[in-house]
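**Q**
4 protein chains.
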Amino acid sequence: MTTLSGLGEVRQVIRVAIAGGSGYTGGELLRLLLSHPGAEITHVTSQRLAGKFVTKAHPNLRKQTSLKFIDIRGLGQCDTLFLCLPQGESMINIDRFRGLASSIIDLSSDFRVSDCKLFARYYKEQHKAPHLLKEFVYGIPELHREEMKNAHLISSAGCNATATILALHPLYRNALVESNRTVVEAKVGSSEGGNRESPGSHHPERSGSVRSYRPTHHRHTAEMIQELGDTVSFSATSIEMVRGVLATCHVFLNRNVNEKDIWKIYRDAYGSEPFIRIVKERDGIHRYPEPKLLIGSNYCDIGFERDPDSNRVVVLSAIDNLMKGAAGQAVQAFNIMHGFDETTALAFPGLHPI
Amino acid sequence: MTTLSGLGEVRQVIRVAIAGGSGYTGGELLRLLLSHPGAEITHVTSQRLAGKFVTKAHPNLRKQTSLKFIDIRGLGQCDTLFLCLPQGESMINIDRFRGLASSIIDLSSDFRVSDCKLFARYYKEQHKAPHLLKEFVYGIPELHREEMKNAHLISSAGCNATATILALHPLYRNALVESNRTVVEAKVGSSEGGNRESPGSHHPERSGSVRSYRPTHHRHTAEMIQELGDTVSFSATSIEMVRGVLATCHVFLNRNVNEKDIWKIYRDAYGSEPFIRIVKERDGIHRYPEPKLLIGSNYCDIGFERDPDSNRVVVLSAIDNLMKGAAGQAVQAFNIMHGFDETTALAFPGLHPI
Amino acid sequence: MTTLSGLGEVRQVIRVAIAGGSGYTGGELLRLLLSHPGAEITHVTSQRLAGKFVTKAHPNLRKQTSLKFIDIRGLGQCDTLFLCLPQGESMINIDRFRGLASSIIDLSSDFRVSDCKLFARYYKEQHKAPHLLKEFVYGIPELHREEMKNAHLISSAGCNATATILALHPLYRNALVESNRTVVEAKVGSSEGGNRESPGSHHPERSGSVRSYRPTHHRHTAEMIQELGDTVSFSATSIEMVRGVLATCHVFLNRNVNEKDIWKIYRDAYGSEPFIRIVKERDGIHRYPEPKLLIGSNYCDIGFERDPDSNRVVVLSAIDNLMKGAAGQAVQAFNIMHGFDETTALAFPGLHPI
Amino acid sequence: MTTLSGLGEVRQVIRVAIAGGSGYTGGELLRLLLSHPGAEITHVTSQRLAGKFVTKAHPNLRKQTSLKFIDIRGLGQCDTLFLCLPQGESMINIDRFRGLASSIIDLSSDFRVSDCKLFARYYKEQHKAPHLLKEFVYGIPELHREEMKNAHLISSAGCNATATILALHPLYRNALVESNRTVVEAKVGSSEGGNRESPGSHHPERSGSVRSYRPTHHRHTAEMIQELGDTVSFSATSIEMVRGVLATCHVFLNRNVNEKDIWKIYRDAYGSEPFIRIVKERDGIHRYPEPKLLIGSNYCDIGFERDPDSNRVVVLSAIDNLMKGAAGQAVQAFNIMHGFDETTALAFPGLHPI
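Chain order of the listed sequences is E, Y, L and V. One point on numbering: in the numbering used here, the residue at position 12 of the first sequence is 119, and numbering is uninterrupted. One point on numbering: in the numbering used here, the residue at position 139 of the second sequence is 246, and numbering is uninterrupted. One point on numbering: in the numbering used here, the residue at position 144 of the third sequence is 251, and numbering is uninterrupted. One point on numbering: in the numbering used here, the residue at position 347 of the fourth sequence is 454, and numbering is uninterrupted.
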């Protein structure tokens with residue numbers, strides 16, 4: 108870590124590296140960190156593209172950087188190491204990575220679930236580094252900001268989990284929810300599947316599809332159970348969209364709470380959050396959260412509608428899965444961890460129309 | 108009604124007319140009836156396009172027909188009159204229409220709900236022809252085939268209601284469902300909104316959107332309550348798609364039923380149905396119902412997945428909203444009513460890829 | 108070949124087989140031939156899926172057929188053999204195939220170009236069966252109908268070539284075109300690339316893309332040169348679309364011809380063609396050919412606009428690449444070859460909206 | 108104009124206003140200017156939405172601003188006035204606007220064509236302020252940067268014109284082009300049509316369409332003639348896309364120039380331009396310019412391919428029509444006019460995947 112004197116104040120520059128930087132999450136991390144005044148990217152690794160310019164994988168960064176990928180074996184010392192490796196790689200190599208960097212932010216799912224048994228139930232394997240599970244801070248700043256300030260190990264949260272947990276946490280925290288009845292259905296885009304082609308991602312098949320790709324037992328359910336303290340019946344449906352998640356959460360209230368009360372609960376929970384907006388308008392075409400308005404931004408938009416016919420409230424939550432659902436939230440955690448303004452490098456508001 | 112001798116057998120030709128033929132449902136009816144060997148289209152009305160060729164509204168029918176729209180006041184006698192009028196028009200003018208035709212198939216929502224109070228609760232108005240409500244047969248052949256054979260008045264079913272009811276009826280009929288807990292979320296295309304532009308249908312706004320357009324109190328819920336005998340928590344989300352509905356139905360079972368039992372229930376219910384396919388494959392990319400495979404076809408594809416973590420079963424149901432959800436199902440009812448083979452004019456299987 | 112007595116007349120039933128039936132073109136051939144009253148499908152081959160139901164590859168055909176794929180070595184005798192094999196396979200194995208069937212319709216590009224040198228220039232290899240090149244009839248019925256009636260070998264035409272040649276042939280035949288100046292740009296869908304995934308067909312990359320995939324030297328140019336007798340500057344751009352081609356043809360006239368004259372030329376050329384429609388309306392939103400209206404149909408829609416600022420006429424031509432650009436046109440040729448009504452099994456008009 | 112002392116240097120803050128700020132171009136201007144450290148937005152007008160928050164029209168700006176629209180009659184003094192009014196409004200009201208602001212950047216088409224007759228030929232009306240035509244600087248900085256530095260009146264360029272002119276100018280300036288033979292075909296998105304719905308923008312009609320909306324005599328042709336000094340045969344086709352233009356330019360060279368020479372010409376022309384990238388790769392899936400990679404960015408990506416079969420070179424040029432084709436280019440001009448770094452507020456690089 109070096110210090111930088113300039114613009115009237117002493118600022119630090121954090122040396123960061125990205126392991127596994129050729130995927131979509133790695134690309135977004137690169138885009139964000141290149142514009143971060145307090146970060147200097149020292150290394151980006153890729154097995155497949157070692158030796159090539161990062162713009163080969165991330166053509167939007169042409170003219171932004173002349174960085175090249177290196178082999179992961181060439182990773183040197185840095186301050187913060189971001190891990191964007193395939194599932195299972197982080198937990199196997201975590202000791203080596205800890206030797207390279209004073210802090211680690213893992214964007215894989217390896218360290219999200221702190222309970223071994225819950226992990227094993229959803230991931231169908233035994234955890235390889237169970238001793239570290241409790242040391243990782245779960246990566247949703249709105250729930251774990253204080254822990255992040257002194258953290259050395261942060262595990263970012265799953266995209267569907269982020270959307271669902273942020274949508275439901277205020278109601279659960281206020282003990283308003285009938286246990287064991289919540290149903291969540293997430294509509295998700297194709298970038299959730301990563302950057303490698305497969306028969307299911309072939310354009311003529313995937314285009315326009317409404318694919319019930321995980322009707323039950325989705326892995327992100329484990330995180331929801333952990334953070335909400337209740338079971339959630341979760342389903343994920345892939346739709347025609349590249350980026351974005353809309354989680355439609357059907358919650359059944361255990362006592363009579365009207366719309367105004369719910370407004371208050373959400374305002375109390377999120378009123379001062381920089382990246383959460385409550386979106387609920389009476390008219391117009393943007394009455395509720397809409398993922399396409401969030402493409403490229405770190406916002407989570409949350410809205411709700413009280414069902415006049417029952418004790419149901421439908422809570423709607425939208426994010427960009429690669430931003431608030433991955434790289435953006437990781438940079439938000441990085442900012443908190445290092446004392447930067449939480450919105451640094453995350454100011455892009457999204458586009459309209461798009 | 109005239110009779111036609113030909114091809115070795117005596118066949119009847121039914122004179123049909125379409126009131127309100129310039130919309131999307133009217134266009135599909137026209138397409139189907141033009142290829143129906145037992146139907147002769149005598150009139151098609153449109154207020155907006157009276158005097159113009161029907162191909163002005165339905166350009167896919169170029170070179171198929173030289174029919175022109177007439178003003179609705181010019182409607183003459185016919186055997187079967189299809190009503191594709193805006194909501195409210197059928198019930199106001201039903202007496203006049205009954206004087207023109209010996210049988211009526213109404214594709215609007217006016218006569219779907221046979222209980223006055225249930226109608227008023229969801230449509231926010233008093234019914235204008237309540238004495239006729241019990242005379243209309245509800246238009247899902249799989250549930251009401253026998254009544255249709257002698258019916259003179261048929262009300263076709265709502266598209267979301269059709270997908271949901273066909274998905275759930277076997278489980279409800281077998282009394283396997285925990286009452287009052289079912290949650291259904293339908294993903295729907297833009298053609299559900301009809302053929303007139305609006306701020307919300309403007310392409311830059313609607314394209315790629317995931318719009319929570321009716322999170323609660325959707326009108327089609329009334330039909331679900333009527334046919335299933337239980338409340339359903341229904342939400343509809345508009346996604347990037349022109350035609351199609353995928354209903355994802357979260358049902359909670361009241362006793363332990365395994366996957367094999369559920370297979371049997373659906374096979375018993377639908378095994379001999381010409382337009383229902385049970386779609387549930389172990390692998391591949393088409394494991395579950397997919398609306399895009401049904402575009403232009405009258406199929407309803409139904410699949411399901413047992414949740415290993417709870418007593419939930421997720422039932423998936425796909426249709427083309429303009430076919431099995433509107434014009435196709437109406438022609439299926441027409442075939443039953445007049446003794447034609449039920450699949451007449453409905454043989455198109457859908458396309459792949461699309 | 109057997110004969111069938113029924114419905115008052117004696118009809119023949121042609122035994123057909125499909126070599127390479129698991130691809131998109133094979134799937135469309137299957138769909139069409141299953142509904143063809145004069146065809147009986149004896150075999151469908153697939154190396155990858157031998158032993159599996161054809162519905163594994165073509166899920167739209169569920170409940171339509173219980174055919175299974177066989178290995179190509181199991182191909183037996185038949186009347187007409189359709190070849191849908193990868194480029195190069197037909198010309199290598201043509202002798203064996205001729206021993207199996209009295210007539211062959213090849214849907215690959217192997218026998219489209221009858222001039223060896225032209226073939227070598229565009230395909231970068233020597234032809235493996237040059238002695239047969241002149242025996243194959245080029246598969247556009249509107250240009251070669253008479254030859255097809257007695258043909259035993261037909262090579263279907265390329266999709267982009269079909270759209271372009273049908274658009275331009277009337278002007279060229281009337282010697283109205285400035286030689287060597289025509290520019291054609293085709294907008295094409297992703298199904299042109301076949302059914303196997305690739306980095307370029309991965310949905311997050313391909314979705315919404317406008318990819319200049321072949322700005323120059325496209326192979327289909329060879330067919331255009333052959334059929335039009337002039338060079339054409341052709342470019343193909345992949346856009347967000349699964350099926351469809353729109354060829355925008357910029358032609359420079361060598362003498363002053365007004366719009367009315369051009370109308371007459373196209374009406375003379377195509378007025379009695381069952382699958383060509385001249386689409387040119389003064390107002391409305393469907394003034395010109397639109398590929399999406401043709402999905403699943405065998406039509407080629409052609410329109411044009413005279414440039415008031417120069418001697419240019421822009422001719423627009425739309426087809427479904429898998430239908431009039433492949434399987435549909437092959438069945439049209441099959442119908443001509445065997446004396447069936449040319450529209451048999453090809454009556455589907457397309458959908459609106461879609 | 109006020110001065111601001113801060114961050115170690117004295118900087119000016121320009122008071123800007125936007126007339127006609129509820130449209131898509133106005134929305135993008137707002138997004139950019141809100142993040143511009145040297146601009147302060149004083150007023151934004153809208154007739155339709157006066158009194159409402161700007162976020163009603165531009166929901167992506169929620170939490171970014173609390174600005175409200177005012178009626179245009181309430182426009183006060185400012186330094187720079189951006190005009191985003193419907194075609195014809197600027198030239199009628201230009202005198203009043205000049206009284207309000209010391210400099211004007213007009214984003215409409217009123218002052219793009221400096222020749223009265225050329226204007227009249229393409230716009231079918233007489234110009235209302237012909238005396239000012241020569242005073243407006245045409246808004247492409249890469250061609251008119253020097254004039255912009257001292258300009259008080261700038262007319263931004265048409266989106267299709269920008270893409271085309273930037274693609275072709277280097278070849279024309281080097282006198283390499285056969286006169287009168289260039290054909291340009293632009294593929295454009297639906298946001299080009301503005302933010303008001305119409306029958307043609309209705310989602311079921313517009314979705315997936317390939318609409319030949321202006322095959323000849325497009326108004327932007329006038330700008331191409333003006334800036335290139337040659338006629339261009341231009342056509343525009345609307346495709347499935349919200350933002351973006353890809354101009355495919357077919358140029359015929361008047362002497363033998365190889366690929367390396369062309370590289371040099373483009374590098375000489377644009378090598379030091381901050382917003383132009385030459386995109387031409389040998390392999391991979393991003394070999395040529397791709398509009399979707401530019402969404403939200405101010406880049407113009409340019410590539411080319413030499414036709415080995417003729418003297419044609421195909422030049423490809425991509426922009427975001429609302430950015431480099433409208434608001435982004437206007438801010439670039441604003442930066443030049445006021446001496447800001449040319450990239451201020453325009454640093455967003457675009458996203459991948461998208």
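Ideal placement from N, C-alpha and C gives every residue a C-beta, glycine not left out.
Please identify the residue among Ile409(E), Leu182(E), Arg362(E), Ser316(E) whose C-alpha is closest to the C-alpha of Glu468(E).
**A** There is simply no residue 468(E) to check, as chain E begins at 108 and stops at 461 in what is shown.
**Q** For chain V, find out if any of its Cβ atoms is closer than 8 Å to the Cβ of Val117(E); answer yes or no.
**A** Note that Val117(E) has pLDDT 44, beneath the 50 cutoff, so the model's placement of it is unreliable and the number below is only indicative. Cβ-Cβ to chain V under 8 Å: no for Val117(E).
**Q** Do the CB positions of Phe382(V) and Gly145(V) come within less than 8 Å of each other?
**A** No, they are not a contact pair.
**Q** Report the rounded CA-to-CA distance for Lys399(Y) versus Ala293(Y), giving the unit in angstroms.
**A** The alpha-carbon atoms of Lys399(Y) and Ala293(Y) are separated by roughly 14 Å.
**Q** So does the stretch 199-206 of chain E actually touch the stretch 312-325 of chain E, counting three or more Cβ pairs closer than 8 Å?
**A** With the cut-off at 8 Å, the stretch 199-206 of chain E and the stretch 312-325 of chain E do not touch.
**Q** Who does Arg122(V) pair with in a DSSP beta bridge?
**A** Answer is Glu147(V), bridged to Arg122(V).
**Q** Just reading off the beta strand (DSSP E) that His325(Y) is part of, what are its end residues?
**A** His325(Y) -> no beta strand (DSSP E), and no H or E assigned at all.
**Q** Can you find a CB in chain Y that lies within less than 8 Å of the CB of Gly403(L)?
**A** Interface residue, yes.
**Q** With a 10 Å radius around its C-beta and 16 neighbouring C-beta atoms as the bar for buried, classify Ser233(Y) as buried or exposed.
**A** Note that residue 233(Y) corresponds to Gln in the displayed sequence, not to Ser. Answer is exposed; the Cβ neighbour count stays below 16.
**Q** Could you check what DSSP says for Pro166(L) in three-state terms: helix, strand or coil?
**A** Three-state DSSP puts Pro166(L) in a helix.
**Q** CB-CB under 6 Å to His325(E), same chain, minus the five flanking residues each way: which ones, in chain order?
**A** Answer for His325(E): Phe341, Ala343, listed in chain order.
**Q** Per DSSP, what kind of secondary structure is Asp448(L) in: helix, strand or coil?
**A** Residue state, collapsed to three classes: coil.
**Q** Beta-carbon within less than 6 Å of Thr289(E)'s beta-carbon, same chain only, minus the 5 sequence neighbours each way: which residues are those?
**A** Counting only Cβ-Cβ distances below 6 Å, and skipping sequence neighbours, we find Val339, Val358.
**Q** Just the chain L side, please: which residues come within less than 9 Å of Gly127(Y) by C-beta, in chain order?
**A** Chain L residues near Gly127(Y): none, gap ~16 Å exceeds 9 Å.
**Q** Quick one: any contact between the stretch 366-381 of chain Y and the stretch 147-158 of chain L, if contact means 3 or more CB pairs under 8 Å?
**A** No, they do not touch.
**Q** Relative to the C-alpha of Gly296(L), which residue among Glu347(V), Lys231(V), Cys223(V), Val438(V) is closest?
**A** Taking only the C-alpha atoms, the option nearest Gly296(L) is Glu347(V).
**Q** What residues in its chain sit with their C-beta under 6 Å from that of Phe189(L), if we drop five residues either side in the sequence?
**A** Result list for Phe189(L): Ile125, Leu136, Ile212, in chain order.
**Q** Have a look at Ser197(Y), Glu299(Y), Arg169(Y), Glu334(Y) and flag the residue whose alpha-carbon is nearest the alpha-carbon of His393(L).
**A** Per the Cα distances, Arg169(Y).
**Q** How about Ile261(E) and Ala440(E): do their beta carbons lie closer than 8 Å?
**A** In contact: Ile261(E) and Ala440(E) (Cβ atoms closer than 8 Å).
**Q** By Cβ distance below 8 Å, which residues in the same chain neighbour Gly183(L) in space, the five residues on each side in sequence not counted?
**A** Within the same chain, Gly183(L) has close Cβ partners Ala124, Thr149, His150, Leu207.
**Q** Any beta-carbon of chain L closer than 8 Å to the one on Ser112(Y)?
**A** Confidence at Ser112(Y) is low in this model, with a pLDDT of 44, below 50, so the placement of that residue is unreliable and no value is reported for it.
**Q** Secondary structure at Asp178(Y), three-state DSSP: helix, strand or coil?
**A** Note: Asp178(Y) maps to coil in three-state DSSP.
**Q** If distances are taken between C-alpha atoms only, which option among Val284(E), Ser210(E), Glu388(E) comes closest to Ile121(E)?
**A** Comparing Cα positions, the closest option is Ser210(E).
**Q** On the CB-based measure, 16 or more other CB atoms within 10 Å of its CB, does Thr328(V) come out buried or exposed?
**A** Result: buried.
**Q** Which residues, taken in chain order from the stretch 157-179 of chain V, show a beta carbon closer than 8 Å to some beta carbon of chain E?
**A** Within the stretch 157-179 of chain V, the residues whose Cβ lies closer than 8 Å to some Cβ of chain E are Lys163, His165, Pro166, Asn167, Leu168, Arg169, Lys170, Gln171, listed in chain order.
**Q** Label Gly336(L) either buried or exposed according to how many other C-beta atoms from any shown protein chain fall within 10 Å of its C-beta, with 16 as the threshold for buried.
**A** Exposed: under 16 other Cβ atoms inside 10 Å.
**Q** Taking 8 Å as the CB-CB cut-off, is Gly457(V) touching chain B?
**A** No chain B appears in the structure shown, which is made up of the protein chains E, Y, L and V.
**Q** Anything in chain Y within Cβ reach of Gly315(E), meaning under 8 Å, just list it in chain order.
**A** Glu347, Met348, Lys399, Ile461, listed in chain order.
**Q** Are there 16 or more other CB atoms within 10 angstroms of the CB of Ala425(L), so buried, or fewer, so exposed?
**A** Buried, since its Cβ has 16 or more Cβ neighbours within 10 Å.
**Q** When you compare the CB of Arg384(L) with every CB in chain Y, is at least one pair closer than 8 Å?
**A** Yes, its Cβ sits closer than 8 Å to a Cβ of chain Y.
**Q** Leu139(Y) and Val438(Y) look like a contact to me (Cβ under 8 Å); what is the Cβ gap, rounded to whole Å?
**A** Contact flag correct, Cβ pair sits at about 5 Å.
**Q** Excluding the 5 residues preceding and the 5 following Arg252(E) in the sequence, name in chain order all residues of the same chain whose CB lies nearer than 7 Å to its CB.
**A** Closer than 7 Å at Cβ, skipping near neighbours: Ile443.
**Q** Can you find a C-beta in chain Y that's less than 8 Å from the C-beta of Thr135(V)?
**A** For the sequence presented, residue 135(V) should be read as Glu rather than Thr. Not closer than 8 Å to any Cβ of chain Y, the Cβ of Glu135(V) fails to qualify, so no.
**Q** How would you list, in chain order, the residues of chain Y whose beta-carbon sits under 8 Å from the beta-carbon of Thr338(E)?
**A** Per Cβ cutoff of 8 Å: Asp416, Ser417.
**Q** Could you give the residue range of the alpha helix (DSSP H) that holds Leu52(E)?
**A** Summary: the structure shown does not reach residue 52(E), with chain E confined to residues 108 through 461, and so no result is reported for it.
**Q** Relative to the C-alpha of Ile179(Y), which residue among Thr187(Y), Leu192(Y), Thr451(Y), Leu458(Y) is closest?
**A** Out of Thr187(Y), Leu192(Y), Thr451(Y), Leu458(Y), Leu192(Y) has the C-alpha closest to the C-alpha of Ile179(Y).
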